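Right, one structure below, let's go through it.
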Amino acid sequence: MKYLFFTAVILLAGCAQSTKDSSYSKPGNEVYSELKNPASAPLAEWPNMPGETNVSFGDDNIRYPKERVPSVTYSEWVAYAWKGEKVHTQVLVYSKSRIPELRVIAGDLIDDSGNRIVSSNIETGFVRYVMTDEFGEGCDIRYPGKYDSSLVADPIDIVDHIEVKKNSVQPVWLTVKVPAETPAGTYRGELLVKTGREFRLPVTINVADHILPPPSEWKYDLDLWQNPDPVAKVHGVKLWSDEHYRLMKPYYEMLAAAGQKSITAFIIDQPWGPDHVYHRDPSLISWTKRKDGSWSYDYSVFDKYIGFVMSCGIDRRINCYSMITWDLRFIYFDEAKDDTASVYARPGTREYLDIWLPMITDFTAHLKSKGWFEKTTIAMDERDMQGMLEVMKLLKSVDPAWKTALAGNYHREIAMDIYDYCIIWGKKFDRDILDARRAAGLPSTYYTACGERRPNCHSFSPPAEATWISWFAAAQGYSGYLRWAYNNWTSDVLHDTRYKTWPGGECYQIYPGPRSSIRYEKLIEGIQDFEKIRILREQFTTEKNKVKLAEIDKMLAPFTAESIEKVPAASMVKTARTTLAGL
């Protein structure tokens, strides 16, 4: 059915100014309401459900409809984990009558020798429902009524109790973090679900005698682009204030815990143009053209922000966007006009050199003074090869050691000249180039965005596709995955993931709070799998165990671009994870 947007604010999402929900300003203890569900269950479904209230385990690869009695449930949860790994599932609470206050309480998990995974390592979060649409044409203009819209499970809330309406499903996301020092063994315990009655669900975690290192040591190249401006706007605080930094900290720590490697740094205002996202992409560097025509650059925000993000655990690379803006306009403050100005300049022209040569010369010296030059790249997004050549020529003229990054099409001619190269889904590195890049330790990744129906991480995407993404990376020899936004939130983000130009949830993977999401947790699951495959492959190579290495190759063989169009991601991942556990 076609679902009309409810209010003018939602109707104009992406065009109007932000309307801040009061719940955003107090993350951690607020309760907010969801939008009205446009769908309803068949009339007989809830009356015919056995029992008044049911509690069971569900499948973490299913987004359970709020209005339907679940068809896939389990009486117990048995999971396999390495030391240092986190594993998850869903608990389902569904009732014919209203539950005023639902609480879920985890107890310790204990093995036969009395060893424990204490309850502080077990987290529960209520899965909330947001409005989404469908893939449609992908990267297209969207208006009310163009696509089917529905309420879908995705955000994972951070409150300790919740009301459950009658004739509805309330999923609960359950996560167990296995400490690295945990002895191998079988750990058992219970989950207490309080609905007015008490339900106890059995939990079993089989801990293997393998260790997954902490995320800071993962080799996987995860690059989810960050934007500081939405955090300030959604929480209603001044950009770059002390309160802004305080609020950003848990967001960046959560990203670091997923193994993020790169800091997204805007070095020019609005590098994707003025109408790219709902909130702004503000420059970390203030450019001023003096009255005499010379330039000055204020790095105070850049220095504080980069240092802050590094302190949160993201410190491998600084990717600076960008020397080629999407509209080829470059914004600065003009001292003579006493106002902001912009100039159009195409790479390789005199106008372009006049802007960028003095900046890069000054920026190079500044980065070296901070000790950051070696980990910094000038990054471009979906720019052509000629533009890349012009940028690299200019950079090398200032310092031959400058590095570049590109997310875009594959260009064999410059593939060994780009340090951090991420190619779009559907393109491939030539095998000799990929082998050479891997031997040189160059980050070689891929990305999906609004143009890819699958695999993807939209708010309506099958959850297992987020896991499949990293299995594909392992199978194809990529070092990781990039997605263009971690937190570019839209106008009413806790309620509605739709946006004017892209499929629902395209612009972000998490929610204000910070709140995780089903797709974000499933993405981490795949990254952990990638690391386990890497560790086992290294072990078997050292041991010269050709049989086990062949088993890994056979396990990964189904993960191809062709297979995801024919076989559900959940089926492929489930089969492969069973094999991985056996290895």
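Start counting the sequence shown at 24; every next residue gets the next number (my numbering). Glycine is no exception: its CB is placed at the ideal position from the N, C-alpha and C atoms. These figures come from a predicted structure and were not determined experimentally.
In this structure, the straight-line span from the alpha carbon of Thr427 to that of Glu413 is close to 12 Å. The three-state reading of DSSP puts Val421 in helix, counting H, G and I together.
For a cut-off of 8 Å, the C-beta gap from Phe582 to Ala498 is around 4 Å, short enough to register as a contact. Taking every protein chain shown into account, the CB of Val54 has fewer than 16 other CB atoms within 10 angstroms, so this residue is exposed. Shown here, Asn190 sits in coil according to DSSP, grouped into three states, outside any helix or strand. For Gly474, the closest of Phe158, Asn71, Val141 by C-alpha to C-alpha distance is Phe158. Per DSSP, Gly464 is not a residue of any alpha helix (DSSP H), being assigned neither H nor E. The stretch 182–197 makes no contact with the stretch 548–566; the number of CB pairs closer than 8 Å stays below 3.
Asp244 carries a strand assignment under DSSP once its states are collapsed to helix, strand and coil.
Contact between the stretch 442–450 and the stretch 466–483 is present: 3 or more CB-CB pairs across the two stretches fall below 8 Å. By a beta-carbon distance limit of 8 Å, Leu115 contacts Tyr87. Their separation comes to about 6 Å.
For the pair of segments examined, the stretch 213–226 was found not to touch the stretch 239–258: the number of CB pairs separated by less than 8 Å stays below three. Judged by beta-carbon spacing, Thr147 lies beyond the 8 Å limit of Ala176, meaning their Cβ atoms are not closer than that value.
Spanning the alpha carbons of Tyr543 and Pro478 requires a straight line of approximately 14 Å. In its chain, beyond the 5 residues on either side, Pro251, Val254 have a beta carbon closer than 7 Å to the beta carbon of Met271. Between Tyr355 and Ala364, the C-beta gap is smaller than 8 Å, which places the two residues in contact. If you check the CB distance, Asp407 and Ala430 do not come in under 8 Å. Glu221 is bridged by DSSP to Lys217. Secondary structure note for Val254: its alpha helix (DSSP H) is the uninterrupted segment 251–258. Burial state of Gln283 is buried, judged by a 10 Å Cβ sphere holding 16 or more other Cβ atoms. The Cβ atoms of Ala288 and Phe325 sit closer than 8 Å to each other.
Take the alpha-carbon of Ala388 and the one of Met382: they are about 10 Å apart. The three-state reading of DSSP puts Lys59 in coil, since its state is none of H, G, I, E or B.
In this structure the stretch 480–488 touches the stretch 588–600; the number of beta carbon pairs closer than 8 Å is three or more. For the pair of segments examined, the stretch 98–111 was found to touch the stretch 223–240: the number of CB pairs separated by less than 8 Å reaches three. Below 8 Å, enough C-beta pairs join the stretch 72–84 and the stretch 115–127 to call them touching: three or more.
For Tyr275, the three-state secondary structure derived from DSSP is helix.
Thr565 counts as exposed, since fewer than 16 other C-beta atoms from the protein chains shown sit within 10 angstroms of its C-beta. In this structure, Trp295 lies near Asp304, with their beta-carbon atoms less than 8 Å apart. Nearest in C-alpha terms to Ile133, of all of Pro537, Trp507, Asp315, Tyr210, is Tyr210. Around the beta carbon of His184, a 10 Å sphere encloses fewer than 16 other beta carbons of the protein chains shown; the residue is thus reported as exposed.
When beta bridges are read from the DSSP output, Arg373 appears opposite no residue. When the alpha-carbon of Ile447 is set against those of Met415, Leu505, Asp338, Phe396, the nearest one is in Leu505.
If you check the CB distance, Ala279 and Cys343 do not come in under 8 Å.
A Cβ-Cβ distance of about 39 Å is found for the pair Arg121 and Thr524, leaving them out of contact under the 8 Å criterion. For Trp196 against Ile181, the beta-carbon gap comes to about 11 Å, at or over 8 Å, which does not count as contact.
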